[in-house]
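Colleague: Next up is a structure, given as structure tokens.
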Amino acid sequence: AKKIPQSIKLLRELFNRPDKMNTKACEESVKSFGLSVIQEFVLRKTEYKTAKKKASSKSEEEYFDVLDVLANFGSEATMSRRMVLEYFQQRKLVSDSFINFHLTEWEDKDLFDIVDKFGYLRQSLADEFYRRNNYTKATELNLKLRNYHDAKKAAEDALSTQELAKKNATKMRGLWLNEKNKDRYKEKDTNIDPESRLYLFIQLWQRPVHTSTCQDNSIAAYCVSYFGSSTVQNAVLASYMVNHKLDKEDPVDILHNFGGPLSNISKLDVFRGLLHLTTANNEAVQCYAKAHNEFWSQHLEKMSNEDIHALLGLKVHPTGIERVLIERVKICLGKKSIKEAIFLSNIAFEFAGFKKILNPLINVWKKESFDVSTELPPDCKLWLLIQLCSDPISTSSSSELGPQCVSCLGSNIVELVVQQEVPQDKVEDALRAFGLRKKKQAPIKGQKK
1014 AKKIPQSIKL LRELFNRPDK MNTKACEESV KSFGLSVIQE FVLRKTEYKT AKKKASSKSE
1074 EEYFDVLDVL ANFGSEATMS RRMVLEYFQQ RKLVSDSFIN FHLTEWEDKD LFDIVDKFGY
1134 LRQSLADEFY RRNNYTKATE LNLKLRNYHD AKKAAEDALS TQELAKKNAT KMRGLWLNEK
1194 NKDRYKEKDT NIDPESRLYL FIQLWQRPVH TSTCQDNSIA AYCVSYFGSS TVQNAVLASY
1254 MVNHKLDKED PVDILHNFGG PLSNISKLDV FRGLLHLTTA NNEAVQCYAK AHNEFWSQHL
1314 EKMSNEDIHA LLGLKVHPTG IERVLIERVK ICLGKKSIKE AIFLSNIAFE FAGFKKILNP
1374 LINVWKKESF DVSTELPPDC KLWLLIQLCS DPISTSSSSE LGPQCVSCLG SNIVELVVQQ
1434 EVPQDKVEDA LRAFGLRKKK QAPIKGQKK
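The working numbering puts the last residue of the sequence shown at 1462; the count rises by one with no breaks.
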């Protein structure tokens, strides 16, 4: 019989039991096949087991870590836990033993990826998140595993202090309630204790109006004491976002019922809170903004530039908004806060009644001592508008500025400025120069003019 080559023997050992190879065989394998081949063969199996003898019973198998197997082939063959995990994931291999063997050593990022990215869902992972005080993730995993006992325990811990409640409130609401604030789980399955913090938390988010007034406001006091005023405020506003068409009570009145710091909440605070919870185009925010337009008109001086911008973006125009914008532009220009003045001017031109504010606002800019052409960026709409208002005839004759004004500002604005700033007998010529009127045709030879 022919003698089997050494390389074939090594391949057989690598293929069958690389964990049983002696030091010499490991060294020869690295020399013969290279590190990548070694790693590929070793990681073909997700776990290795060795027999362990017990004195009074049958022998049992003990887990032998794949990292230790790789280490037998030298330091250069070793891989990090993360690299091995990604190798298994790419090949759709599952190794509970490998994950659990290193359970307490995984970094937080790795642990999240094991669950969210790689799709492992095990009770041991839920327990590890709980051990690391990540109560929301522990709650989430236990709910998915239908371990409602541990899910409630983790949820109680997630809400155990005001600081934790503030941090975890939004996530906890999403775990126990759906987008319409309805229960995600059947009551008979979860069986939440009516005297628990979790039960009170769910009631707060589902029925803030009732919670704020029942039992002589004692429940409201518990909510503020347990969860903190900011969490209560978010719960009331989130409920309004869902039920604004059904609930007729103003969130301000509901919040006042909770007492404490919430007694001083204003409509402006509620408006800002609603904006913080969602986009400015949300139907509920627009509904609230329009319902209190009179209040905004009376309190414009207290509103920030961002507040005004948000209102105008919702197509809500408080009375006197133009005057306030012009005054604020004056103040900004006086302080040489050019960027803020541009921001306010753009708000005015974009949303406010343009015809009413055009001339007063342009005059404010013209009165300033600085050179507009150098202080403002040339691609700024305001810069173009000031050039147009300053000398519409010269602007119309410019091959660069004329088309740029029409393109950026729009034909309606250009025509409005021309009609206001150009002598009546030259209006049509200026509009033709901007391309807003048909050019006069040259008379045909022999035809009377």
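C-beta: ideal position from N, C-alpha, C; glycine also.
For the stretch 1216 to 1236 against the stretch 1278 to 1286, do three or more pairs of beta-carbon atoms, one drawn from each stretch, fall closer than 8 Å, so that the two count as touching?
Modeller: With fewer than three CB-CB distances shorter than 8 Å, the stretch 1216 to 1236 does not count as touching the stretch 1278 to 1286.
Colleague: Considering only C-alpha positions, which residue in the set GLY1347, PHE1086 and ASP1170 is nearest to LYS1380?
Modeller: Of the candidates GLY1347, PHE1086 and ASP1170, the one whose C-alpha sits nearest the C-alpha of LYS1380 is GLY1347.
Colleague: Quick one, are the C-beta atoms of ALA1302 and LEU1325 less than 8 Å apart?
Modeller: Going by C-beta atoms, ALA1302 is not nearer than 8 Å to LEU1325.
Colleague: Compute the Euclidean distance between the alpha carbons of ALA1014 and GLU1075, then round it to the nearest angstrom.
Modeller: In this prediction, ALA1014 has a pLDDT of 47, which is less than 50 and means its spatial position is unreliable; what the coordinates show is noted afterwards. ALA1014 and GLU1075: Cα-Cα distance of roughly 39 Å.
Colleague: Would you call the CB atoms of ALA1164 and MET1185 closer than 8 Å?
Modeller: no
Colleague: For my contact list, LEU1275 and LEU1268 are in at a C-beta cut-off of 8 Å; report their separation, rounded to the angstrom.
Modeller: That pair is a contact at about 4 Å.
Colleague: Starting from the N-terminal side, write out each stretch of the alpha helix (DSSP H) that is 4 residues or longer and does not extend beyond the stretch 1300 to 1333.
Modeller: 1306 to 1311 and 1318 to 1326
Colleague: Looking only at C-alpha atoms, which of LYS1157, ARG1450 and ASN1181 sits nearest to ASP1202?
Modeller: LYS1157
Colleague: Only counting the same chain, and skipping five residues up and downstream in sequence, which positions put a Cβ closer than 7 Å to that of GLY1241?
Modeller: GLN1175, ALA1178 and LYS1179
Colleague: Which one or two residues does DSSP pair with PHE1111 in a beta bridge?
Modeller: Looking at the DSSP assignment, PHE1111 forms no beta bridge with any residue, so it has no partner.
Colleague: For GLU1169, which residues from the same chain have a beta carbon less than 8 Å from its beta carbon, with the 5 sequence-adjacent residues on both sides left out?
Modeller: The beta carbon of GLU1169 sits closer than 8 Å to those of SER1209, ARG1210 and LEU1211, all from its chain and outside the five residues before and after it, given in chain order.
Colleague: With DSSP as the reference, label LYS1022 as helix, strand or coil.
Modeller: helix
Colleague: For LYS1166, report the span of its alpha helix (DSSP H) as first-last.
Modeller: 1161 to 1171
Colleague: Check LEU1190 in the structure and name its three-state DSSP category.
Modeller: strand
Colleague: Would you call the stretch 1335 to 1355 and the stretch 1296 to 1310 touching, i.e. three or more CB-CB distances under 8 Å?
Modeller: no
Colleague: Grab the span of the alpha helix (DSSP H) containing THR1149 for me, first residue to last.
Modeller: That run of the alpha helix (DSSP H) goes 1148 to 1157.
Colleague: Just mark ARG1341 as buried or exposed, buried being the case when its beta carbon has 16 or more other beta carbons within 10 Å.
Modeller: buried
Colleague: What is the residue span of the alpha helix (DSSP H) that ALA1038 lies within?
Modeller: 1036 to 1046
Colleague: Closest to LEU1290 by CA distance: which of GLY1272, LEU1250, VAL1237 and ALA1090 is it?
Modeller: LEU1250
Colleague: From ASN1085, CYS1227 and PHE1131, pick the residue whose C-alpha is nearest to that of ARG1095; which is it?
Modeller: The shortest C-alpha to C-alpha distance from ARG1095 to any of ASN1085, CYS1227 and PHE1131 is the one to PHE1131.
Colleague: Determine whether the beta carbon atoms of ASN1270 and ALA1297 lie at a separation below 8 Å.
Modeller: no
Colleague: Hey, would you say VAL1237 sits closer than 8 Å to GLY1273, going by beta carbons?
Modeller: Against a cut-off of 8 Å, the Cβ pair of GLY1273 and VAL1237 comes out as a contact.
Colleague: Please report how far the alpha carbon of VAL1128 lies from the alpha carbon of PHE1362, in whole angstroms.
Modeller: 50 Å
Colleague: Quick one: what does DSSP say TYR1253 is sitting in, helix, strand or coil?
Modeller: helix
Colleague: With a 10 Å radius around its C-beta and 16 neighbouring C-beta atoms as the bar for buried, classify PRO1031 as buried or exposed.
Modeller: buried
Colleague: Which term fits ILE1344, buried or exposed, when burial requires 16 or more other beta carbons within 10 angstroms of its beta carbon?
Modeller: exposed
Colleague: Runs of 4 residues minimum, wholly inside the stretch 1083 to 1132: which ones carry the alpha helix (DSSP H) assignment?
Modeller: 1094 to 1103, 1109 to 1114 and 1121 to 1129
Colleague: For SER1310 and ILE1321, I'd like the C-alpha separation in whole angstroms.
Modeller: 11 Å
Colleague: Is it true that the CB of PHE1447 sits closer than 8 Å to the CB of GLY1415?
Modeller: In this structure, PHE1447 lies closer than 8 Å to GLY1415 by Cβ.
Colleague: Just to confirm, is the Cβ distance from LEU1401 to VAL1435 under 8 Å?
Modeller: no
Colleague: Which of helix, strand or coil does DSSP assign to TYR1239?
Modeller: helix
Colleague: Based on the DSSP secondary-structure assignment, which residues constitute the bridge partners of TYR1212?
Modeller: DSSP output for TYR1212 lists no bridge partner at all.
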